[in-house]
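Residue numbers (numbering that gives the first Met the number 0): 0 to 309. Quick reminder that beta carbons are idealized off the backbone N, C-alpha and C, glycines included. Predicted model, so just to flag it, every value in this text is computed and none were measured.
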Amino acid sequence: MNLSRNQMAEASRALSGPLFAGLPGDLAVSFEFFPPKTPAMHEALWQAVETLVPLGPRFFSVTYGAGGTTRTRTHATVARIAAETPVPAAAHLTCVNATAAELDGIADEYWHAGVRHIVALRGDPPGGEARFSPVPGGYASAAELVKALRRRHPFEISVSCYPEMHPEAPSPSADLEALKAKHDAGASRAISQFFFEPDTFFRFRDQVAAAGLDVELVPGILPVTNFANLKRMAASCNTDVPDWMAHLFEALDDKPAARQLVAATVAAELARRLYAGGVRHFHFYTLNRAELSYAICHMLGVRPARELVA
Numbered sequence: 000m001n002l003s004r005n006q007m008a009e010a011s012r013a014l015s016g017p018l019f020a021g022l023p024g025d026l027a028v029s030f031e032f033f034p035p036k037t038p039a040m041h042e043a044l045w046q047a048v049e050t051l052v053p054l055g056p057r058f059f060s061v062t063y064g065a066g067g068t069t070r071t072r073t074h075a076t077v078a079r080i081a082a083e084t085p086v087p088a089a090a091h092l093t094c095v096n097a098t099a100a101e102l103d104g105i106a107d108e109y110w111h112a113g114v115r116h117i118v119a120l121r122g123d124p125p126g127g128e129a130r131f132s133p134v135p136g137g138y139a140s141a142a143e144l145v146k147a148l149r150r151r152h153p154f155e156i157s158v159s160c161y162p163e164m165h166p167e168a169p170s171p172s173a174d175l176e177a178l179k180a181k182h183d184a185g186a187s188r189a190i191s192q193f194f195f196e197p198d199t200f201f202r203f204r205d206q207v208a209a210a211g212l213d214v215e216l217v218p219g220i221l222p223v224t225n226f227a228n229l230k231r232m233a234a235s236c237n238t239d240v241p242d243w244m245a246h247l248f249e250a251l252d253d254k255p256a257a258r259q260l261v262a263a264t265v266a267a268e269l270a271r272r273l274y275a276g277g278v279r280h281f282h283f284y285t286l287n288r289a290e291l292s293y294a295i296c297h298m299l300g301v302r303p304a305r306e307l308v309a
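Next comes the structure, spelled out in structure tokens:
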């Protein structure tokens, strides 16, 4: 029997060793949460934090709502993580609807609360606005915010990057220039927007290297919890959702357990292929749920650190 090229490739995969066999767990992970709105959501968030602490993440980050709407809740969540866990807390901070003086004051509050890591973002335009515009006396870009934070305190600063280009960027080169500006201002790490094909990240990594930009690139991994919501999120941030994903999640809307198994498999395989390409730090968008991220980490060889469990 003669096999086609595709059949031969598939046979090779089938005969190879298990995709996750023998992984040494030599990688770093970090996890992102959003501040809870209700006591029940707060309890669910803290359960997720406690589940993931034993994995020894590099940091937990907490998002900052559009227009600073979650400022108080973000600060409370970050401060509790910093005070009650051994994991460093990273607070998101955006330029939206805040003056430079207000943002400087927020940065001071975080520093005094023991927070030493900021995820500095320009932020999305407030509801209903097509383009971002700084308030009078505000910072106009993430690069300006990074520079101000560097002057204020010796924070560790992470920023965002976009393997499929920021929706507002006029060109890939302009998008790279924006990343360069953030790096030059003092950022040392760029966490990517979520994506679903390994080559998407590898191509972007090559472009960053070709531009002579020496910045740590960390892929953002989003396990799928609701495919319809995912498509809406992806459309708003210029992320391609491959047809094969739609096929995999078809008819699973009313089967949450099966959907979770598929989601864990898809995200774990993406992470495994990124690992094969040299990636050693993964940032998980948890949506305040620990199970999927924990399962993926387990398959990648990341297991509870005894000293953190004790």
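- If the five residues before and after E108 are omitted, its C-beta is found closer than 7 Å to the C-beta atoms of H74, all from its own chain and listed in chain order.
- Taking one beta carbon from each stretch, the segment 34-46 and the segment 17-25 have fewer than 3 pairs nearer than 8 Å; the two do not touch.
- In the structure shown, the three-state DSSP call for V217 is strand.
- Note: Y284 is bridge-paired with E31 in the DSSP secondary-structure output.
- Secondary structure at F203: helix, using DSSP grouped into helix, strand and coil.
- Assignment of V48 by DSSP, reduced to helix, strand and coil, places it in the helix class.
- D103 is positioned such that its CB atom lies closer than 8 Å to that of R151.
- Rounded to whole angstroms, the Cβ separation of L120 and H165 is 11 Å, and the two are not in contact under 8 Å.
- Counted as a single uninterrupted DSSP element, the alpha helix (DSSP H) harbouring E290 occupies residues 290-298.
- Scanning the segment 106-155 for uninterrupted alpha helix (DSSP H) segments of 4 residues or longer gives 141-151, listed from N- to C-terminal end.
- Between the segment 236-254 and the segment 270-290, the count of Cβ pairs shorter than 8 Å is below three; the stretches do not touch.
- Rounded to the nearest whole angstrom, the C-alpha separation of L144 and R288 is 30 Å.
- In the three-state reduction of the DSSP assignment, F59 falls in the strand class.
- Scanning S140, T76, V207, P53 for the CA closest to the CA of G113 turns up T76.
- Just measuring C-alpha positions, the residue of L175, R72, L26, P53 sitting nearest T37 is R72.
- Counting only residues of its own chain and dropping the five nearest sequence neighbours on each side, A304 has a CB closer than 8 Å to the CB of P53, L54, G55.
- The C-beta distance from L251 to V261 rounds to 7 Å, short enough to fall under 8 Å.
- Cα atoms of V118 and G300: separation of roughly 27 Å, rounded to the nearest angstrom.
- With a cutoff of 8 Å on beta-carbon distance, A147 and A97 are scored as not near each other.
- By the beta-carbon neighbour count (other beta carbons within 10 angstroms, threshold 16), K181 is buried.
- Bounds of the beta strand (DSSP E) holding H91 are 88-93.
- For A262, no beta strand (DSSP E) encloses it; the enclosing alpha helix (DSSP H) starts and ends at 255-275.
- In terms of Cα proximity to T50, the closest of T84, L22, R70, F33 is T84.
- Taken through DSSP and simplified to helix, strand or coil, A189 comes out as strand.
- DSSP links V158 through a beta bridge to A189.
- Across the set L212, E196, S292, the C-alpha of L212 shows the shortest separation from the C-alpha of A189.
- For K230, the enclosing alpha helix (DSSP H) covers residues 226-235.
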